[in-house]
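Notes for the one structure printed next.
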Amino acid sequence: MRCKNMDSVDWEILCELFKYKNITQTSKVLRTSQPAVTYRINKLEEEFNVKIIHRNKKGVVFTSPGEMLVNYAASMIKNNQQIKEDLLNQENKVQGVLRLSASSIFSRYRLPEILSEFSRQFPLVEFDVNTGWSEEVFRSVHNDISQVGILRGDYSFSSKKIHLMTDKLYVVSKSPIELEDLPNLPRVYYNTDTSLNRLIDDWWMGHFIEPSTVTIKVDNMETSKQFVLNGLGFTILPDILLEAHDDLFTIPCLDQQGHYIIRNTDMILKEQYLNNTVVKAFYNFIKQWNLEHQ
């Protein structure tokens, strides 16, 4: 395929449309009109003499040639960003974009403070932050989508890794309860990543034969906390979510030897990215932040 007439706008439209599979949503994200998105797609179809998308009631479906163009567009966006970063590195300026992925919970409770302080020290740095489950963060770093990842749980990573914090797990309820009564009490269950699910399940099976009595299922741990605050059952949470003013009853989750069940939060990055002045500055900043918050 010859791509001489494609530009950065086309790259973005293709990648965002592939992500959302919906022209309306894509136009909102790119802050343009639906006709403008459609016009660009039609022009690309004319240039390459292929069908890029098929429309259906749910949105759009990409054809095989369409997916080829998306892959090309994604590589061009990445190459363009790399060239910009390399040029800034030549000037040895701490200026550019930090591409960061972080777990949703850390992003809410810790990351704003960290980025605010880093931004005060390095005002020319911009942030491209993606949040999600830790397994998604790991994949983002592994696939070079993000330069830096902050994830929770025990993940094997062969390159740079900095320990940031350790959480303890607690059974949380609105009123006092006894540990041995948990199987018979209503539990608020929340969706979370595989590593935390496994940690909680292993602890439960180490103490009880019976399964928990799940009466409510919600999509995240913050929502489960709100349900517990309103007396709708108990849940099991890492202490990053617990604050003094919550007025909640807690029981620490201990293993058979009486040790706390813990969950680590780490920052990971590939060593090659330390050649980037922005990433290196953030890496050194986090090491100093760690020393000050031990």
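Heads up: take any position in the sequence shown, counting from 1, add 1, and you land on my numbering. Glycine is no exception: its CB is placed at the ideal position from the N, C-alpha and C atoms.
Rounded distance between the beta-carbons of residue j and residue i, thought under 8 Å
i	j	result
V173	L255	Their Cβ separation, rounded to whole angstroms, is 15 Å, which puts V173 and L255 out of contact at 8 Å.
S225	Y191	4 Å
V138	S104	6 Å
L165	N291	7 Å
I264	L200	The residue you asked about is not Ile; residue 264 is Arg in the sequence shown. At roughly 6 Å, the Cβ-Cβ gap stays under 8 Å, so R264 and L200 are in contact.
Counterpart residues of residue i in DSSP-defined beta bridges
i	result
Y190	K218
S76	S76 pairs with nothing; no bridge assigned.
R56	V61
N131	S102
F250	S174
V126	G97
Residue i, DSSP secondary structure in three states
i	result
R121	helix
D267	strand
H294	coil
L275	helix
N231	coil
V95	coil
I151	strand
Y284	helix
L255	strand
Y261	strand
6 Å CB neighbourhood of residue i in its chain, flanking five on each side removed
i	result
K22	G60 and V61
K161	L270 and E272
M77	W12
V219	Y191 and S225
Limits of the alpha helix (DSSP H) - the one that residue i falls within
i	result
I201	T195 to H208
L15	S9 to Y21
S28	I24 to L31
First through last residue of the beta strand (DSSP E) which encompasses residue i
i	result
A298	A query on residue 298 cannot be resolved here, the shown segment of the chain reaching from 2 to 295 and no further.
K169	K161 to S174
L238	T236 to P239
Other residues of its chain near residue i: CB distance less than 7 Å, five sequence neighbours each side excluded
i	result
H294	none
A75	C16
I241	I106, Y110 and D168
A282	V95 and F123
Same chain, Cβ closer than 8 Å to residue i, neighbours up to 5 away in sequence not counted
i	result
I54	L18, I42, V61, V62, F63, T64 and G67
L180	V172, H208 and I252
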